[in-house]
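Asker: This is the structure I have questions about; it appears just below.
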Amino acid sequence: MASLTSTGYVLQTQSDWFAQERQFYLDIDPLWNLDASTPDGLKMAHDAEIFYALDETLQQAYNSKDPNKAKGADLDIVCSLTGTIRSNGSASSVQLTFASTPGTPIPKGNRFESVTTGSRWTTDQAVTTDSLGVATVNATCTVVGPTQADHDTITRIVDVVAGLSGVTNADPATPGTDAQTNEQLRVTRATAVGRPGNNQIDSTYGELYAVPGVRRVKIYENDTDSSAISVDNPHGLPRKSYAVIVDGGTNEDIAMAIYLKKNPGPLLYQAGTPFEVEVTSPKYPTNKKVIRASRPIYVDMLPVIHVINDGTLPANADQLIKEAMMEYAAGDLIPADVGFKISGFDIGETVPFSTIFTPVNKVIGAYGNSYVDFPSSSLNGVQTNAVIAYNQMSRWTESNITVVIT
1 MASLTSTGYV LQTQSDWFAQ ERQFYLDIDP LWNLDASTPD GLKMAHDAEI
51 FYALDETLQQ AYNSKDPNKA KGADLDIVCS LTGTIRSNGS ASSVQLTFAS
101 TPGTPIPKGN RFESVTTGSR WTTDQAVTTD SLGVATVNAT CTVVGPTQAD
151 HDTITRIVDV VAGLSGVTNA DPATPGTDAQ TNEQLRVTRA TAVGRPGNNQ
201 IDSTYGELYA VPGVRRVKIY ENDTDSSAIS VDNPHGLPRK SYAVIVDGGT
251 NEDIAMAIYL KKNPGPLLYQ AGTPFEVEVT SPKYPTNKKV IRASRPIYVD
301 MLPVIHVIND GTLPANADQL IKEAMMEYAA GDLIPADVGF KISGFDIGET
351 VPFSTIFTPV NKVIGAYGNS YVDFPSSSLN GVQTNAVIAY NQMSRWTESN
401 ITVVIT
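For reference, each letter of the sequence shown is one residue, going 1 to 406 in the UniProt record's numbering.
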């Protein structure tokens, strides 16, 4: 029968069950007729199938308590033991710029709309325009998922505010994510399992990944007495400091997560696009602290793909390639059990030039013998890796992907 070993649950095959029961019969009578055409032979075959099915059921029960093998609701239960909840997805985020009468207050949750897609976006916090009538604020799409918005397309004011005359987005939106797959949830759990711990960095990671809408997190630390670049301080952070860079989530929620895990003393360095929030202690209302953190500096990816068509590609092959590249960048293109990059490109992760051909080949590989023309393809204008600094993150949008099929 199946057994538990140091490596886990080991199944006994159906053939092993058959051979084992056959031996039991032969131990009683070596001349017992156990041909498959006999009643006893048929019973052995039936028993072997039943016992193997039982073993498989027991294996499923065993795996349901293993975070590396559990799936669906079973994995949700296992992850909840360490405070990790499956993300139902995150909404896209964008920075809006307002033009108005000086001193105009724009409330939190005010809605704006894309003139090209009709997607709606709400401000993450209240903001008041300066003496020039200008203000910037982060906004989140009202729909969960990778909603796209090209630059200068969110220009329609839905909720009218007295004194507000215009709005736009100077940069494209950073796409959100769909609901987490089992594989992605396992990665998040492995990162967030240190949330209750005393290690400042690990527990901060765990707390930040528990914030709704957070997609990626990087924390860099310099525990030396010098700001000079060294092996222990490769990014030149100020002495005795650490830098928190977060993609997704609201500033207030992120600041509170950092506050709950921050130890007294170390400087909070803003390595990327900075923001700061004054946080009030949930336990001691008189205790307030300004928390400083940053968003990654987004670097737009501009791939140009030239495909030679042998005549078998469908008419919408260019759109299929764009969609595949977006899925690949988000980590959704290739199943985790046979692929890689299940979480997409991280903060500070360089984008290899060769990687842009993986989603292309997945599409055109299903049709005839079409191929990518390497000499005329590029990434950000060159045929080398797109180097992403420690405080940056690659940003992918369909409008920045060019596919030429000849």
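Note that the Cβ used here is the ideal one computed from N, Cα and C, for glycine as well.
#1: Report the partner residues of T274 according to the DSSP bridge assignment.
#2: Which whole runs of the beta strand (DSSP E) in the region 196-259 are 3 residues long or more, in chain order?
#3: Could you tell me if V382 is buried or exposed, where buried requires 16 or more neighbouring beta carbons within 10 angstroms of its beta carbon?
#4: Pull up the distance between the alpha-carbon of I77 and that of R86, whole angstroms please.
#5: Could you tell me the boundaries of the alpha helix (DSSP H) in which L96 lies?
#6: Below 8 Å CB to CB, which residues in the same chain sit around T136 once its five sequence neighbours on both sides are set aside?
#7: Taking 8 Å as the cut-off, does the region 220-238 touch the region 106-124 (at least 3 CB pairs, one atom from each stretch)?
#8: Could you give the residue range of the beta strand (DSSP E) that holds M394?
#9: Give me the Cβ distance between M393 and P303, rounded to the nearest whole Å; I'm assuming they're in contact under 8 Å.
#10: Check whether the Cβ of V231 lies closer than 8 Å to any Cβ atom in chain C.
#11: Return the CA-CA distance between K108 and S92, expressed in angstroms with no decimal places.
#12: Count the other C-beta atoms from every protein chain shown that fall within 10 angstroms of the C-beta of Y284, then say buried if there are 16 or more, exposed otherwise.
#13: Pull up the CB-CB distance for S241 and G272, whole angstroms please, since I reckon it's below 8 Å.
#14: Going by DSSP, what residue range makes up the alpha helix (DSSP H) through S64?
#15: What does the Cβ neighbour count give for P146, buried or exposed, with the cut at 16 atoms within 10 Å?
#16: If you draw a straight line from the C-alpha of I347 to the C-alpha of S399, how long is it?
#17: In this structure, does DSSP put V360 in helix, strand or coil?
#18: Helix, strand or coil for H151, going by three-state DSSP, please let me know.
#19: Alpha carbon to alpha carbon, how far is M326 from G248? Give it in angstroms, no decimals.
#20: In angstroms with no decimal places, state the Cα-to-Cα distance between T153 and S114.
#21: Give the DSSP bridge partners of L156, in chain order.
#22: Please report how far the alpha carbon of V10 lies from the alpha carbon of E56, in whole angstroms.
#23: In terms of residue numbering, what span does the alpha helix (DSSP H) encompassing L320 cover?
#24: Between the alpha carbons of A70 and L333, how many angstroms are there, rounded?
#25: Give the list of continuous beta strand (DSSP E) stretches no shorter than 3 residues that lie fully inside the region 361-387.
#26: Check each candidate in N309, P282, Q270, M301 and name the one with the smallest Cα separation from I291.
#27: What span of residues does the beta strand (DSSP E) with S168 cover, start to end?
#28: So what does DSSP say about D300, is it helix, strand or coil?
#29: Here's the rule: buried if 16 or more other CB atoms are within 10 angstroms of the residue's CB, otherwise exposed. What is E278?
#30: Counting only the same chain and skipping the five closest in sequence on each side, list residues whose C-beta sits under 8 Å from that of V387.
#31: Name the one or two DSSP bridge partners that I405 has.
#32: Using C-beta distances below 6 Å, list every residue in its chain close to Y367, excluding the 5 sequence neighbours before and after it, in chain order.
#33: Using a Cβ-Cβ cut-off of 7 Å (strictly less than) and excluding sequence neighbours within five positions of I157, which residues of its own chain qualify?
#34: Hey, how far is the Cα of N361 from the Cα of V372?
Answerer: Taking the coordinates as given:
#1: Your numbering for residue 274 matches position 274 in the sequence shown. One point to set straight first is that residue 274 is Pro, not Thr, in the sequence displayed. Bridge partners of P274: S294.
#2: 214-222, 241-248
#3: Here the question's residue 382 lines up with position 382 in the sequence shown. Answer is exposed; the Cβ neighbour count stays below 16.
#4: Locating residue 77 in the sequence shown gives position 77, where the first residue counts as 1. Locating residue 86 in the sequence shown gives position 86, where the first residue counts as 1. Computed Cα separation, rounded: 10 Å.
#5: Within the sequence shown, residue 96 is the residue found at index 96, counting from 1. It is not in any alpha helix (DSSP H) - L96 instead sits in the beta strand (DSSP E) that spans 91-100.
#6: Here residue 136 corresponds to residue number 136 of the sequence shown, with the count starting at 1. Closer than 8 Å at Cβ, skipping near neighbours: Q95, L96, T97, F98, V127.
#7: At 8 Å Cβ cutoff, the stretches do not touch.
#8: Your numbering for residue 394 matches position 394 in the sequence shown. The sequence shown places Ser at residue 394, rather than the Met named in the question. Here the beta strand (DSSP E) through S394 covers 392-395.
#9: By one-based count along the sequence shown, residue 393 stands at place 393. By one-based count along the sequence shown, residue 303 stands at place 303. Going by Cβ atoms, the distance from M393 to P303 rounds to 16 Å, so no, they are not a contact pair.
#10: The question asks about chain C, but that chain is absent: this structure has only one protein chain.
#11: The residue given as residue 108 occupies position 108 in the sequence shown. The residue given as residue 92 occupies position 92 in the sequence shown. Approximately 17 Å between the Cα atoms of the pair.
#12: Taking the sequence shown and counting its residues from 1, one reaches residue 284 at position 284. Under this definition Y284 is an exposed residue.
#13: Here residue 241 refers to the residue found at position 241 when the sequence shown is read from its first residue. Here residue 272 refers to the residue found at position 272 when the sequence shown is read from its first residue. Incorrect: roughly 14 Å between the Cβ atoms, too far for contact.
#14: The sequence position of residue 64 within the sequence shown is 64, counting from 1. No alpha helix (DSSP H) contains S64, which DSSP labels as neither H nor E.
#15: By 1-based counting over the sequence shown, the position of residue 146 is 146. By the 10 Å Cβ count, P146 comes out buried.
#16: Looking up residue 347 in the sequence shown gives position 347. Looking up residue 399 in the sequence shown gives position 399. Rounded to whole angstroms, I347 to S399 spans 22 Å at the Cα level.
#17: Within the sequence shown, residue 360 is the residue found at index 360, counting from 1. Reduced to three states, the DSSP call for V360 is helix.
#18: On the sequence shown, residue 151 is found 151 positions in, with the first residue counted as 1. Reduced to three states, the DSSP call for H151 is coil.
#19: Locating residue 248 in the sequence shown gives position 248, where the first residue counts as 1. Locating residue 326 in the sequence shown gives position 326, where the first residue counts as 1. Taking the CA atoms as reference points, G248 sits about 18 Å from M326.
#20: Taking the first residue of the sequence shown as position 1, residue 153 is located at position 153. Taking the first residue of the sequence shown as position 1, residue 114 is located at position 114. Cα to Cα, T153 sits roughly 5 Å from S114.
#21: Within the sequence shown, numbered from 1, the residue matching residue 156 stands at position 156. Correcting the residue identity first, residue 156 is Arg in this sequence and not Leu. Per the DSSP secondary-structure output, R156 pairs in a beta bridge with E113.
#22: Start at 1 with the first residue of the sequence shown, and residue 10 comes out as number 10. Start at 1 with the first residue of the sequence shown, and residue 56 comes out as number 56. Answer to the nearest angstrom: the Cα atoms are 10 Å apart.
#23: Residue mapping note: residue 320 aligns to position 320 of the sequence shown, counting from 1. Boundaries of the alpha helix (DSSP H) harbouring L320: 317-330, taken from the DSSP string.
#24: Counting from one through the sequence shown, the residue named residue 70 turns up at place 70. Counting from one through the sequence shown, the residue named residue 333 turns up at place 333. Between A70 and L333, the alpha-carbon positions lie close to 22 Å from each other.
#25: none
#26: Working through the sequence shown from its first residue, we reach residue 291 at position 291. The option with the nearest alpha carbon to I291 is Q270.
#27: The residue labelled residue 168 in the question sits at position 168 within the sequence shown. Looking at the sequence provided, one finds Thr at residue 168 rather than Ser. Counting along the chain, the beta strand (DSSP E) containing T168 begins and ends at 164-168.
#28: Locating residue 300 in the sequence shown gives position 300, counting from the first residue. Strand, per DSSP.
#29: Within the sequence shown, numbered from 1, the residue matching residue 278 stands at position 278. E278 comes out exposed.
#30: Within the sequence shown, residue 387 is the residue found at index 387, counting from 1. Within the same chain, V387 has close Cβ partners T350.
#31: For this step, residue 405 is matched to residue 405 along the sequence shown. Per DSSP, V307.
#32: Here residue 367 refers to the residue found at position 367 of the sequence shown. Same-chain partners within the cutoff: T312, L313.
#33: If you number the sequence shown from 1, residue 157 lands on position 157. Closer than 7 Å at Cβ, skipping near neighbours: F112, L164, V167.
#34: Mapped onto the sequence shown, residue 361 falls at position 361. Mapped onto the sequence shown, residue 372 falls at position 372. Each residue's Cα considered, the two are about 8 Å apart.
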